[in-house]
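A.B. asks: Going down the list, the sequences are from chains A and B.
The opening position of the first sequence corresponds to residue 15 in the working numbering, with each subsequent residue numbered one higher.
The opening position of the second sequence corresponds to residue 12 in the working numbering, with each subsequent residue numbered one higher.
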Amino acid sequence: MGSELWELFVDSFWKILLPGLKMTIPLTVLAFSFAMIIAVIVAMINYANVPFLKPITRFYIWIIRGTPLIVQLMIGYFGLNNIGIKIDAFPAAVLVFSLNEGAYCAETMRAALEAVPHGQLEAGYCVGMNYLQIMWHIVLPQAFRTAFPPLSNSLIGMVKDTSLAANITVTEMFFAAQRIAGRTYKFMLLYLEVALIYLIFSTILTWIQGYGEKKLNAYGANKG
Amino acid sequence: MRMEQIKDNMQILEIKDIRKSFETKVLDGVSLEVNSGDVVAILGPSGSGKTTLLRCINFLETADSGTMIFDGKTYDLAHASKKEIAEIRKKTGFVFQNYNLFRNKTALENVMLGLTTAHGLSKNEAEKIGKEMLVRVGMEDKMNYYPSQLSGGQQQRVAIARALAPNPKIIYFDEPTSALDPELIGEVLSVMRQLAIEGMTMIVVTHEMDFAKNVSNKVVFMEKGVIVEQGLSNEVFENPKQERTKEFLRLEENRTLGKG
Chain A
15 MGSELWELFV DSFWKILLPG LKMTIPLTVL AFSFAMIIAV IVAMINYANV PFLKPITRFY
75 IWIIRGTPLI VQLMIGYFGL NNIGIKIDAF PAAVLVFSLN EGAYCAETMR AALEAVPHGQ
135 LEAGYCVGMN YLQIMWHIVL PQAFRTAFPP LSNSLIGMVK DTSLAANITV TEMFFAAQRI
195 AGRTYKFMLL YLEVALIYLI FSTILTWIQG YGEKKLNAYG ANKG
Chain B
12 MRMEQIKDNM QILEIKDIRK SFETKVLDGV SLEVNSGDVV AILGPSGSGK TTLLRCINFL
72 ETADSGTMIF DGKTYDLAHA SKKEIAEIRK KTGFVFQNYN LFRNKTALEN VMLGLTTAHG
132 LSKNEAEKIG KEMLVRVGME DKMNYYPSQL SGGQQQRVAI ARALAPNPKI IYFDEPTSAL
192 DPELIGEVLS VMRQLAIEGM TMIVVTHEMD FAKNVSNKVV FMEKGVIVEQ GLSNEVFENP
252 KQERTKEFLR LEENRTLGKG
């Protein structure tokens, strides 16, 4: 590698990483947190077969899963502004990613809730607990254990998907890399570089996932 | 007159004409009286409705019709309110065939959880009772183990401790040893025998003839959703009146001999 290229690599590394720290990570953390709240609520509505609310949640999941994320982003930012709902790019991205991820994670959570044996609920009733107490102390903790690996998967997937937010002018990592590439014409270098940084982020999250799974295995909850 | 009154005072549970159908009739008019301190063994072939009977009187299934007088109050088994059901469950214990310990809780937490949530006890009080109960079933050494780290017999003893914890008026046992390896059955039965000696009221659905004969004082023989014969344990075993009871007891005896 020529020293000029190396200099560009080093110079741009921080210029890409900085928006990563300032945009990509906050966007992921915020959107995933909201997504988890949506997912648990939607999953519980489905699990408990709540009338009126269940069809609404099925409709929501149907819409989200049936349309491309990039289109949802466009609607959430350009579309909304177009019809007079003023929203900045970053909150629009948080909104769309929360709703999108929430739908997928809701299905993961629902499957995990349904995997908790019915006997666990019956035992809860027999010691006098009510439905919400059983959900809180017994069913949800066990479901989270089951859902942890696929939810971690979703989180890692989401870190990479945030690059799509560049399309609605969120100045995250990919946006920064594109800008530098456009100016210097070193496309291969810049895109490989941004790929490397995403890889680092994902690798760190994979480590955290491994650590978390080890912690949760102490319960041995799924062995017996 | 006086005798009647004493008898009335002792009665803890009466079930009248309980009926339940799934596709076929599972319970076809079953009535049962249980006095305080009774150990009632419910015997009968598979599919006779024994388990459904227990599940209906603790509202794990909803009966189609029937009444229950429990602890001096009358309940409609088909239309009990949530409040009534909760009230009954707080005064009863249930031990399942496959233990159903909370998998994400330790042995001690399993015993404590109902006390802190349903019975409103503080954590300290619940812990004190929880430890006492685990001592009673001989599981104090394993109180911090998760269910997956315990044998079937140990899990069932913890489940009994959990049922005992709120000091219930009655405990229902649904085939408590049927899922256990033969060598683990003894430890569970001896805990149950001890409870019987201490005067705990129990209804036990079981295939353990020795337990029915030697520990329970009353025996109920069910078949096809009805009670074929019931009476004092030694009478039913020594001198069964119904042909079907005789046949069942003979078959069970052969089975037990065959195993031994």
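All residues carry an ideal CB built from backbone N, CA and C; glycine is no exception.
From a predicted model like this one, the values you see are computed outputs, not experimental measurements.
(1) Compare the C-beta of G238/A against all C-beta atoms of chain B and say whether one is closer than 8 Å.
(2) So which residues on chain A does F107/B lean against when the C-beta distance must stay under 9 Å?
(3) Please work out which residues of its chain come closer than 7 Å, Cβ to Cβ, to A174/B, disregarding the five sequence neighbours upstream and downstream, and give them in chain order.
(4) Quick check on the DSSP output: what are the complete beta strand (DSSP E) runs of length 3 or more inside the segment 156-244 of chain B, in order along the chain?
(5) Cα separation between V56/A and K200/A?
(6) So what does G104/B bridge to, in DSSP terms?
(7) Please list, in chain order, all residues of the same chain as I194/A whose beta carbon is under 7 Å from its beta carbon, the five residues on each side excluded.
(8) Going along the chain, which residues of the segment 125-139 of chain B sit with their C-beta nearer than 7 Å to a C-beta in chain A?
(9) Can you tell me the Cα-Cα spacing of E194/B and Y118/A, whole angstroms?
(10) Just to confirm the assignment, what range does the alpha helix (DSSP H) spanning G224/A have?
(11) Alpha helix (DSSP H) containing S177/A: first to last residue?
(12) Going along chain A in order, which residues have a C-beta closer than 8 Å to the C-beta of L71/B?
(13) Counting C-beta neighbours from all protein chains within 10 Å, is the total for M202/A 16 or more, i.e. buried, or is it exposed?
(14) Taking only beta-carbon atoms, is M123/A less than 8 Å away from chain B?
(15) Would a C-beta distance cut-off of 8 Å place I23/B and K180/B closer than the cut-off?
(16) Of all the CB atoms in chain B, is at least one closer than 8 Å to the CB of P163/A?
(17) I'd like the span of the alpha helix (DSSP H) that includes F195/A, first residue to last.
(18) Kindly give me the distance between the Cβ atoms of R66/B and Y139/A, rounded to whole angstroms, as I take these residues to be in contact under 8 Å.
(19) Measuring alpha carbon to alpha carbon, tell me which of R124/A, I84/A, T122/A and L127/A ends up nearest A106/A.
(20) Whole angstroms are fine: how far does the CA of L41/A sit from the CA of I68/B?
(21) So, is F73/A buried or exposed, given that buried needs 16 or more other C-beta atoms within 10 angstroms?
(22) Could you please tell me which residues of the segment 213-240 of chain B, in chain order, have their CB closer than 7 Å to any CB of chain A?
C.D. replies: Short version:
(1) Any reading at G238/A must be qualified, since the residue scores a pLDDT of 38, below 50, and its modelled position is unreliable; no value is offered.
(2) Per Cβ cutoff of 9 Å: G133, E136, A137 and C140.
(3) G104, F105, V106 and I182
(4) 181-185, 213-216, 229-234 and 237-243
(5) 46 Å
(6) I182/B
(7) S26, K29 and L204
(8) G125, T128, A129 and H130
(9) Just so you know, the alpha carbons of E194/B and Y118/A end up roughly 47 Å apart.
(10) F201 to N231
(11) Note, S177/A: premise wrong, no alpha helix (DSSP H); not H, not E.
(12) E136, Y139 and C140
(13) exposed
(14) no
(15) Taking the C-beta atoms as reference points, K180/B is found nearer than 8 Å to I23/B.
(16) no
(17) Going by the sequence as given, residue 195/A is Ala instead of Phe. That run of the alpha helix (DSSP H) goes M187 to T198.
(18) The pair is not a contact, with the Cβ atoms about 11 Å apart (cut-off 8 Å).
(19) I84/A
(20) 53 Å
(21) Under this definition F73/A is an exposed residue.
(22) none
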